[in-house]
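One structure is given below, encoded as structure tokens.
Numbering (this note's numbering), first residue to last: 107 to 297.
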């Protein structure tokens, strides 16, 4: 526990009867303010802030790609990365960083990498949760980080699913399950 501000006053003031009661009253208020000073360090405490504080920060920082329905950990990642994204807004790096704060595996392919029209790009997202609605909502928010002249041609959404089966391709198994990892590729365009 922190010691009281009163203990830091010089002895000559503490021994003064007229000043002593005033010093104690001032000390109580200063102690209260001192205990609140830890709340001034907001950005360095992102990992320990409650979710409602994260929502307030996102609003105050004007993070357009933030969504209140994201998980607490995704919100923390978005806020942590926000200033880097603001610094490079309008670049491939900004779009990719914003996407990766929600989907750890996300790629941006620029027009010259796939033979598209100038200033066009594609996004590839790998999602183990297979939440297409969340992905569509996230893609709509790409507009906050991309260059104004850039056009999103398409989004490649790769949903990884685990399927348990007792037989696959005519091969039979006895008394055990087989885990099959498959990728379903779905395309949808920005609309």
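Backbone N, C-alpha and C define an ideal beta-carbon position, used for all residues, glycine too.
Distance, residue j Cα to residue i Cα
{"i": "residue 145", "j": "residue 217", "result": "46 Å"}
{"i": "residue 179", "j": "residue 153", "result": "8 Å"}
{"i": "residue 190", "j": "residue 125", "result": "51 Å"}
{"i": "residue 183", "j": "residue 140", "result": "29 Å"}
{"i": "residue 172", "j": "residue 118", "result": "56 Å"}
{"i": "residue 215", "j": "residue 134", "result": "60 Å"}
{"i": "residue 262", "j": "residue 142", "result": "48 Å"}
{"i": "residue 155", "j": "residue 223", "result": "44 Å"}
{"i": "residue 149", "j": "residue 187", "result": "11 Å"}
{"i": "residue 168", "j": "residue 162", "result": "10 Å"}
{"i": "residue 122", "j": "residue 151", "result": "42 Å"}
{"i": "residue 193", "j": "residue 233", "result": "27 Å"}
{"i": "residue 197", "j": "residue 164", "result": "21 Å"}
{"i": "residue 202", "j": "residue 220", "result": "17 Å"}
{"i": "residue 115", "j": "residue 166", "result": "39 Å"}
{"i": "residue 120", "j": "residue 177", "result": "53 Å"}
{"i": "residue 109", "j": "residue 138", "result": "12 Å"}
Expected contact under 8 Å - CB spacing of residue i and residue j to nearest Å
{"i": "residue 185", "j": "residue 160", "result": "6 Å"}
{"i": "residue 200", "j": "residue 128", "result": "Actually they are not in contact, since the Cβ atoms of residue 200 and residue 128 sit about 55 Å apart, beyond 8 Å."}
{"i": "residue 204", "j": "residue 236", "result": "Contact flag wrong, Cβ pair sits at about 21 Å."}
{"i": "residue 136", "j": "residue 111", "result": "4 Å"}
Option in the options with minimal Cα separation from residue i
{"i": "residue 248", "options": "143, 182, 162, 212", "result": "212"}
{"i": "residue 130", "options": "142, 196, 113, 167", "result": "113"}
{"i": "residue 245", "options": "170, 109, 192, 162", "result": "170"}
{"i": "residue 239", "options": "194, 175, 193", "result": "175"}
{"i": "residue 206", "options": "222, 220, 193, 241", "result": "241"}
{"i": "residue 231", "options": "187, 162, 210, 219", "result": "210"}
{"i": "residue 208", "options": "149, 121, 243, 163", "result": "243"}
{"i": "residue 157", "options": "165, 193, 181, 149", "result": "181"}
{"i": "residue 253", "options": "195, 202, 219", "result": "195"}
Span of the beta strand (DSSP E) around residue i
{"i": "residue 228", "result": "226 to 233"}
{"i": "residue 215", "result": "211 to 216"}
Range of the contiguous alpha helix (DSSP H) that encloses residue i
{"i": "residue 199", "result": "198 to 206"}
{"i": "residue 134", "result": "123 to 142"}
{"i": "residue 165", "result": "157 to 166"}
{"i": "residue 147", "result": "Here residue 147 belongs to no alpha helix (DSSP H), and DSSP marks it neither H nor E."}
{"i": "residue 182", "result": "178 to 193"}
{"i": "residue 117", "result": "117 to 120"}
{"i": "residue 238", "result": "238 to 246"}
Contact the segment 225 to 238 vs the segment 248 to 263: 3+ CB pairs below 8 Å
yes
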